[in-house]
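One structure is given here, and the rest of the page talks about it.
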Amino acid sequence: MKNIVLCCAAGMSTSMLVQRMKDAAQKKGVEVSIKAVPVAEFKDNIATADLILLGPQVKYEQAKLQAQADPLGKKVAVIDMMDYGMMKGDVVLEKALKLME
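According to my numbering, the sequence shown is numbered sequentially starting from 1.
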């Protein structure tokens, strides 16, 4: 099972997106674990994550977080602002699955 972690400023706004992504995964029959955490908890979650997605509001953190993820061979990507704003869980899930191929 793949493990996707969404990081945002406080972990609140992404929790709605997480639910939409979980719904999309269930419809597609994809086994994936998805959770939202504040960016402050990045270090606590990097080891178990297969992919870390950042909310657009914290994309300025990407370079720093990717540098921490590189030694573990993990990818840190920013969620597209439109997909995030429209809460397109299915689209975000598709992009996440492609990033993990």
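Glycine residues also receive a C-beta, built at the ideal position from the N, C-alpha and C atoms. A quick note: this is a predicted structure, and the numbers were derived from the prediction, not measured.
About 14 Å separates the beta carbon of Leu-54 from that of Ile-34, a gap too long to meet the 8 Å contact definition.
Take the alpha-carbon of Ala-47 and the one of Lys-98: they are about 20 Å apart. Comparing C-alpha distances from Glu-101 to each of Met-81, Ala-67, Leu-51 shows the shortest one belongs to Leu-51. A Cβ-Cβ distance of about 10 Å is found for the pair Gln-57 and Cys-7, leaving them out of contact under the 8 Å criterion. It is roughly 14 Å from the alpha-carbon of Lys-95 to the alpha-carbon of Val-5.
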